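Enquirer: Take this structure, written in structure tokens, and hold onto it; I'll ask about it next.
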Amino acid sequence: MIRQLVVSDVVNYWNLRLKALSEHPDVFGASYEEVKDTPIESVKERFSSTEENFILGAFKGEELIGMVGFRREQLIKMKHKGIIWGMYVNSNFQGKGIGKELVIELIRKAKQLKELEQINLFVVDRNQRAKALYESIGFKSFGKEINAMKVGDNYLNEELMVYII
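Put into structure tokens, the structure is as follows:
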């Protein structure tokens, strides 16, 4: 089951987010070390969802097993764009199509937004599974940011991808 997360999901969301950051430090902009002590009240602010900013969750029964966020740009000249962020499926459930279902539902929901024309995302260029997932849905690469992140002494490039609505 996929649905929009609400404030009562905040603890489950945060636990899954921390798991994602600790297991995959090379694919998220935030690091586990810098966010692990964030007060839950601050995390709740992400749940002031509007139709233009939301987090979707995938559930197996009551267990949150996957998530993806969407944020629409707010500046007038950029409101035609939205951004996918924080995509993650619990490692125990990866490879079962859950990530694809999350992104497809996000696109379905985003398409309802007036004057939204495209959805962008950034993916570490060596994350072939994620790139293949996004490409299978219709995302196209349009550039690369060199040295987008630095983890320890290692630089990571990010591929920029777009889905045209």
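In our numbering, the protein residues as written are 548 to 712.
By construction, the Cβ of each residue, glycine as well, lies at the ideal position given by its N, Cα and C atoms.
In this text the structure is predicted, and so the values were computed from the model without any measurement.
(1) Are at least three pairs of beta-carbons, each pair with one atom in the region 598–617 and one in the region 687–706, less than 8 Å apart?
(2) Is the CB-CB distance between M614 and G642 below 8 Å?
(3) Opposite E692 in the DSSP bridges: which residues?
(4) If we count the other Cβ atoms within 10 Å of its Cβ and call it buried at 16 or more, is L649 buried or exposed?
(5) Where Q621 and L668 are concerned, what is the direct C-alpha to C-alpha distance, given to the nearest angstrom?
(6) Count the other C-beta atoms from every protein chain shown that fall within 10 angstroms of the C-beta of M548, then say buried if there are 16 or more, exposed otherwise.
(7) When you compare the CB positions of F689 and Y710, do they come within less than 8 Å of one another, or not?
(8) Using the Cα positions of F606 and Y579, report the straight-line distance between them to the nearest angstrom.
(9) What do you reckon, are the CB atoms on I712 and K658 nearer than 8 Å?
Expert: If we stick to the structure as given:
(1) no
(2) Taking the sequence shown and counting its residues from 1, the one referred to as residue 614 is at position 67. Taking the sequence shown and counting its residues from 1, the one referred to as residue 642 is at position 95. No, they are not a contact pair.
(3) On the sequence shown, position 145 is the one that residue 692 refers to. DSSP, once it has assigned bridges, lists E705 as partnering E692.
(4) As a first step, residue 649 is located in the sequence shown; it is residue number 102 there, counting from the start. Buried, because 16 or more other Cβ atoms sit within 10 Å of the Cβ of L649.
(5) On the sequence shown, position 74 is the one that residue 621 refers to. On the sequence shown, position 121 is the one that residue 668 refers to. Cα-Cα distance, rounded: 16 Å.
(6) Your numbering for residue 548 matches position 1 in the sequence shown. That one is exposed.
(7) Within the sequence shown, residue 689 is the residue found at index 142, counting from 1. Within the sequence shown, residue 710 is the residue found at index 163, counting from 1. Contact flag unset, no.
(8) Residue numbering aside, residue 606 sits at position 59 when the sequence shown is read from its first letter. Residue numbering aside, residue 579 sits at position 32 when the sequence shown is read from its first letter. Approximately 23 Å between the Cα atoms of the pair.
(9) As a working mapping, residue 712 is identified with position 165 in the sequence shown. As a working mapping, residue 658 is identified with position 111 in the sequence shown. Result yes, Cβ atoms of I712 and K658 sit closer than 8 Å.
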